[in-house]
Amino acid sequence: SGWRRLKQKNIDKLLSGYTSFERRVWKVTSTIPAGQTRTYQWVARQVGNPRAARAVGKALAKNPLLVVIPCHRVIRKDGSLGGYSFGKIKKEVLLKKEALKLKS
Numbered sequence: 020s021g022w023r024r025l026k027q028k029n030i031d032k033l034l035s036g037y038t039s040f041e042r043r044v045w046k047v048t049s050t051i052p053a054g055q056t057r058t059y060q061w062v063a064r065q066v067g068n069p070r071a072a073r074a075v076g077k078a079l080a081k082n083p084l085l086v087v088i089p090c091h092r093v094i095r096k097d098g099s100l101g102g103y104s105f106g107k108i109k110k111e112v113l114l115k116k117e118a119l120k121l122k123s
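Residue numbers for the sequence shown follow the numbering used here, so the first one is 20 and each next one is one higher.
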């Protein structure tokens, strides 16, 4: 629809000031379904740089669109939460809330 194109155009404009790596990380992260998680390493592999898990974390820390790009769904490979702009407690709450919505 025209609204979606306008919205996407605005998002593209907002993200234009960031590196191509950051934009690729955010694009991959935006595909993670609600109620699911992926690791920083998984995201790194998806963007073609399997050894860049830390760089993925740094890119996610710069995420300007937390509602659109669900960086709270990315966790450490050991299953621990990792960082989040609003803190680990908020990250855990969001993940639990999404999981509960899927179960009901």
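Here a beta-carbon is modelled for each residue, glycine too, at the ideal position from N, C-alpha and C.
Rounded C-alpha distance that separates residue i from residue j
i	j	result
Leu119	Pro69	32 Å
Cys90	Lys26	20 Å
Asp97	Thr38	28 Å
Asn29	Ser49	16 Å
Ser35	Leu84	13 Å
Rounded distance between the beta-carbons of residue j and residue i, thought under 8 Å
i	j	result
Ile51	Arg92	4 Å
Gly102	Gly67	About 23 Å; that fails the 8 Å criterion.
Lys109	Leu100	In fact, because the Cβ distance is near 10 Å, the residues do not count as touching under 8 Å.
Leu113	Thr56	Contact flag wrong, Cβ pair sits at about 11 Å.
Beta-carbon spacing of residue i, residue j below 8 Å
i	j	result
Ala78	Val44	yes
Ala53	Glu117	yes
Val87	Gln65	no
Phe105	Ala74	no
Start-to-end residues for the alpha helix (DSSP H) that takes in residue i
i	result
Ala53	Ala53 -> no alpha helix (DSSP H), and no H or E assigned at all.
Tyr59	59–65
Ala74	72–80
Val47	39–48
| said: Please give the ranges of any alpha helix (DSSP H) in the stretch 77–123, keeping only runs that are unbroken, at least 4 residues long and fully inside the region. | reply: 107–122
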